[in-house]
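Structure first, then comments.
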Amino acid sequence: MREFTDEESNLCLLLNRVVDMQNPERHTVSLVVSLFVHFLASKRCGPADNAKKLSVSRAKGTSSNVLLRHFNTLLGYSNSEKCFTIPPARLRRAAVCNAFLHGLPGVLDSNLLIGNQLLSIVLQLLLYLPSPQKFASDAPSADYSLRLLSTQQRHNWLHSIIIILYKYRCDAAPTNDAIRKQMLIVVQTLEQQCHRCPPTSQNQEQQPPVAIAPENKERRSATCLLEAPGPDGQWSSSTEDSEIGNDSG
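The sequence shown runs 2 to 250 under the working numbering.
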């Protein structure tokens, strides 16, 4: 198990425990974060306004970056480790995370300047929340699923992804890689939702037989694709092409 000895990582754990999990005023914390997210979403900066406010945003860039770094720490994200130091299950219960996730679609939709600054941490958060890891230091697993999220969390998760795909550039690394993995999480969740096990010998008399499609050994599920890419850093598409050819045939 990897030990987080960095001071900033320990600070993330301490803040999450004191401010969030062990705080009797968690409702107040949620309201404060909700107001902060609402403030970010209320300052509309469309494409026409970007040129006018570019110089102002550069002047305020330093202060806003410091503010966002502190907010990342409240979310349990270590800016030095470039990863979350809080287990996904604990983060899904955190008041700060839920309040931020609730207002995230509005920020991404209304304020493109802030949205682009938050895009990196947002993509990592959306990829981390459906993770089945028990500890933040565990190796990434392939069994990601949106079923681990509550109904409201799934709604905000999918809403944020749709806005990112519609309004933000997703053709450059590492954004394209994160978006691809999130699409695979959606596919895998749907596969798990539609999966039905064949009847066993014990309950075969009680349940009607279920038609099970023959297994295609050449087919790669989303589980395999969620694992780390190959040595060349590229995702293999040969199997996907063969699937498309088989489906068209």
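We treat Cβ as the ideally placed atom computed from N, Cα and C, and that holds for glycine.
Taken through DSSP and simplified to helix, strand or coil, residue 136 comes out as coil.
In the three-state scheme derived from DSSP, where H, G and I count as helix and E and B as strand, residue 112 is classed as strand.
Excluding its 5 nearest sequence neighbours in each direction, residue 106 has C-beta neighbours in its own chain below 8 Å: 157, 160, 161 and 164, listed in chain order. Assignment of residue 78 by DSSP, reduced to helix, strand and coil, places it in the strand class.
For residue 84, the pairing in a beta bridge is given by DSSP as 79. With contacts defined by Cβ atoms closer than 9 Å, residue 100 and residue 41 do not form a contacting pair. Residue 98 and residue 104 have their C-alpha atoms spaced approximately 10 Å apart.
Short of 8 Å from the beta carbon of residue 108, and not among the five residues preceding or following it, lie these beta carbons of its own chain, in chain order: 38, 41, 42, 115, 116 and 119.
The alpha-carbon of residue 78 is positioned some 13 Å away from that of residue 91.
In the structure shown, residue 42 falls within a helical segment according to DSSP collapsed to helix, strand and coil. When the Cα atoms are used, residue 185 and residue 36 turn out to be separated by approximately 33 Å. Around the CB of residue 89, 16 or more other CB atoms lie within 10 Å, so the residue is classed as buried.
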